[in-house]
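J.: One structure follows; several queries about it will come next.
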Amino acid sequence: MKLYENTLKILKDLNIPFDEISHEESHSCEQSREFRYNAWLEWLWSKNIVFHAKWKFYLVTTYWDKQIKARNFKHEWGTKDIRFANGDEIYSCLWAKIGSIPPIWFLNSEIPIFVDSEIFESKFFIFNPWDPKKSIRVTTNDLRSIYDKLKNPIRYFIHTEENFQINQEI
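Set out below in structure tokens:
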């Protein structure tokens with residue numbers, strides 16, 4: 026079964042309502058922003074970044090236009106030597122490609138996931154489930170319950186201009 030279809034199956038098995046959106050593949054934030062503007066899509070789209078630090082991978086999930094400063098995670102990850110994972114590394118640990126990294130349902134349940142708490146201030150959240158031409162929309166309440174069911178270690182963070190803080194829960 027393809028990973029995209031598996032994502033849909035899991036959502037259905039969990040009785041999570043969702044919307045599927047088909048679209049052209051976006052190659053930049055500007056293209057993605059233009060699509061959302063033209064389609065009147067006014068909810069949060071995910072940005073999922075895989076970092077490499079101390080021979081370990083970490084997923085950071087936030088919304089599409091938020092800047093994440095990797096140095097803020099140096100104490101949590103125990104190093105200042107933090108870099109973006111490259112495409113081959115992302116594929117080998119998540120079976121995903123840059124541009125279609127999902128925030129949930131990895132076959133590798135050891136990858137810690139750090140979720141931006143600000144996501145939950147919006148009503149909906151959209152992500153690409155392993156397919157750069159598909160998106161899934163769920164409510165942020167349902168997203169929270171999905172994270173509660175994952176085996177991956179989940180941590181929530183607050184990242185504003187003045188503050189950075191990592192919490193166990195929202």
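Quick note: the sequence shown uses the working numbering, first residue 26, plus one each step. Note that the Cβ used here is the ideal one computed from N, Cα and C, for glycine as well.
Which residues in the same chain have their Cβ closer than 6 Å to the Cβ of Y181, if we skip the five residues on either side of it in sequence?
T.: The sequence position of residue 181 within the sequence shown is 156, counting from 1. Cβ within range, chain order: V140, S142, N192 and I195.
J.: Quick check on DSSP: helix, strand or coil for S160?
T.: If you number the sequence shown from 1, residue 160 lands on position 135. In the structure shown, S160 sits in a strand (DSSP, three-state: E or B).
J.: Could you tell me the alpha carbon to alpha carbon distance between N177 and I129, rounded to whole angstroms?
T.: Counting from 1 along the sequence shown, the entry for residue 177 is found at position 152. Counting from 1 along the sequence shown, the entry for residue 129 is found at position 104. Cα to Cα, N177 sits roughly 9 Å from I129.
J.: Counting Cβ pairs closer than 8 Å, one from the region 92 to 110 and one from the region 144 to 162, do we hit at least three?
T.: no
J.: Between the Cα of K79 and the Cα atoms of I35, K99 and Y172, which residue gives the shortest distance?
T.: Stepping through the sequence shown from its first residue, residue 79 is reached at position 54. If we check each option's Cα against that of K79, K99 comes out closest.
J.: Report all residues from its chain with a CB closer than 7 Å to the CB of S125; omit the five preceding and five following residues, and keep chain order.
T.: To locate residue 125, count along the sequence shown from 1; it is residue 100. So the qualifying residues of the chain are N153, W155, D156 and P157.
J.: Quick check on DSSP: helix, strand or coil for N192?
T.: Along the sequence shown, read from residue 1 onward, the residue named residue 192 stands at position 167. Here N192 sits in strand by DSSP.
J.: Does the beta-carbon distance from K72 to W89 come in below 7 Å?
T.: Numbered from 1 along the sequence shown, position 47 holds the residue referred to as residue 72. Numbered from 1 along the sequence shown, position 64 holds the residue referred to as residue 89. It is a contact, given that the beta carbons lie within the stated cut-off.
J.: Taking 6 Å as the limit between beta carbons, can you name the residues of its chain near I138, skipping five residues before and five after?
T.: What you label residue 138 is simply residue 113 of the sequence shown in a count that begins at 1. For I138, where only same-chain residues beyond five positions count, the Cβ hits under 6 Å are L84, N177 and I179.
J.: On the CB-based measure, 16 or more other CB atoms within 10 Å of its CB, does L132 come out buried or exposed?
T.: By 1-based counting over the sequence shown, the position of residue 132 is 107. It counts as exposed.
J.: Taking Cβ positions, are I136 and F189 nearer each other than 7 Å?
T.: Position 111 of the sequence shown holds residue 136. Position 164 of the sequence shown holds residue 189. No, the pair does not count as a contact, with Cβ atoms beyond the cut-off.
J.: Return the first residue and the last residue of the beta strand (DSSP E) that T32 is part of.
T.: Taking the sequence shown and counting its residues from 1, one reaches residue 32 at position 7. Careful: T32 lies outside any beta strand (DSSP E), inside the alpha helix (DSSP H) at L28 to D38.
J.: In chain order, what are the residue ranges of uninterrupted alpha helix (DSSP H) at least 4 long that sit wholly in the region 62 to 121?
T.: 99 to 102 and 112 to 119
J.: Distance check for N111 and E101, CA to CA, integer angstroms please.
T.: Here residue 101 is taken as the residue at index 76 of the sequence shown, counted from 1. Here residue 111 is taken as the residue at index 86 of the sequence shown, counted from 1. Cα to Cα, E101 sits roughly 21 Å from N111.
J.: Output the distance between the C-alpha atoms of E49 and T32, rounded to the nearest integer angstrom.
T.: Within the sequence shown, residue 49 is the residue found at index 24, counting from 1. Within the sequence shown, residue 32 is the residue found at index 7, counting from 1. One C-alpha to the other measures close to 20 Å.
J.: What is the C-beta distance between W120 and L28, in whole angstroms, given that I count them as a contact (C-beta under 8 Å)?
T.: As a working note, residue 120 is residue 95 in the sequence shown. As a working note, residue 28 is residue 3 in the sequence shown. Right, their Cβ atoms sit about 6 Å apart.
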